[in-house]
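Novice:
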Amino acid sequence: MADGHEKPRGALAGLRDVGRAAYETYRLGGTMVLAAPLLLLIAVLPEFLQHAAEIHIGMFESMSRFRALSASPLRWSFGYLKVAGFTVAILATARFWA
Numbered sequence: 226m227a228d229g230h231e232k233p234r235g236a237l238a239g240l241r242d243v244g245r246a247a248y249e250t251y252r253l254g255g256t257m258v259l260a261a262p263l264l265l266l267i268a269v270l271p272e273f274l275q276h277a278a279e280i281h282i283g284m285f286e287s288m289s290r291f292r293a294l295s296a297s298p299l300r301w302s303f304g305y306l307k308v309a310g311f312t313v314a315i316l317a318t319a320r321f322w323a
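So for the sequence shown, the numbering used here puts the first residue at 226; every next one is plus one.
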């Protein structure tokens with residue numbers, strides 16, 4: 226409608242819209258693997274490094290060590306790096322799609 230108000234739509238139409246949006250997200254995400262593999266590496270490498278650090282400090286040896294080391298400064302350092310990497314990758318991907 227021209228006045229900016231849409232008439233109510235059914236649940237099926239809404240579900241179809243969500244399906245289309247999910248399809249587009251995965252389609253465009255797949256193109257990023259081919260178009261900008263280094264961008265993917267910005268997100269994946271810090272995640273890998275955090276897991277390597279967790280293994281190195283012995284976090285997965287037992288449940289008690291897991292709990293004791295969950296707040297390890299080394300682990301958190303890699304966690305911050307991971308979040309920064311994801312943020313940069315998401316923003317760069319959005320810019321690439323724009």
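The C-beta atom is built at its ideal place from N, Cα and C for all residues, glycine as well.
1. How is the alpha helix (DSSP H) around glycine 244 delimited, first residue to last?
2. Taking the beta carbon of methionine 284 as the centre, do at least 16 other beta carbons fall within 10 Å, making it buried, or is it exposed?
3. In whole angstroms, what is the alpha-carbon distance linking threonine 256 and glutamate 272?
4. How is phenylalanine 285 classed by DSSP in three states: helix, strand or coil?
5. Please confirm whether valine 270 and glycine 304 have their CB atoms less than 8 Å apart.
6. Would you kindly work out how many angstroms separate the C-alpha atoms of alanine 323 and leucine 274, rounded to a whole number?
7. Restricting to Cα atoms, I'd like to know which of Ala268, Ala296, Phe321, Arg290 is closest to valine 308.
8. Look at leucine 265 and valine 258 and say whether their C-beta atoms are less than 8 Å apart.
9. Determine whether the beta carbon atoms of isoleucine 282 and leucine 306 lie at a separation below 8 Å.
10. Which whole-angstrom value describes the C-beta separation of alanine 261 and phenylalanine 321, a residue pair presumed to lie in contact below a C-beta threshold of 8 Å?
Specialist: This is what the structure gives:
1. One-based indexing of the sequence shown puts residue 244 at position 19. First-last of the alpha helix (DSSP H) with glycine 244: 236-260.
2. For the purposes of this step, residue 284 is taken as residue 59 along the sequence shown, with counting starting at 1. Counting every other CB atom within 10 Å of its CB across the protein chains shown gives methionine 284 a total of 16 or more, marking it as buried.
3. Residue numbering aside, residue 256 sits at position 31 when the sequence shown is read from its first letter. Residue numbering aside, residue 272 sits at position 47 when the sequence shown is read from its first letter. Their backbone Cα atoms lie some 21 Å apart in a straight line.
4. Position 60 of the sequence shown, counting from 1, holds the residue named residue 285. In the three-state reduction of the DSSP assignment, phenylalanine 285 falls in the coil class.
5. By 1-based counting over the sequence shown, the position of residue 270 is 45. By 1-based counting over the sequence shown, the position of residue 304 is 79. This sequence places leucine at residue 270; valine is not what is there. No, the pair does not count as a contact, with Cβ atoms beyond the cut-off.
6. Your numbering for residue 323 matches position 98 in the sequence shown. Your numbering for residue 274 matches position 49 in the sequence shown. If I take the Cα positions, the gap works out to 30 Å.
7. Here residue 308 refers to the residue found at position 83 of the sequence shown. Of Ala268, Ala296, Phe321, Arg290, the residue nearest in Cα terms is Ala268.
8. Locating residue 265 in the sequence shown gives position 40, counting from the first residue. Locating residue 258 in the sequence shown gives position 33, counting from the first residue. In this structure, leucine 265 lies near valine 258, with their beta-carbon atoms less than 8 Å apart.
9. The count along the sequence shown starts at 1 and reaches residue 282 at position 57. The count along the sequence shown starts at 1 and reaches residue 306 at position 81. The Cβ atoms of isoleucine 282 and leucine 306 do not sit closer than 8 Å to each other.
10. In the sequence shown, counting from the first residue as 1, residue 261 sits at position 36. In the sequence shown, counting from the first residue as 1, residue 321 sits at position 96. Confirmed, about 6 Å.
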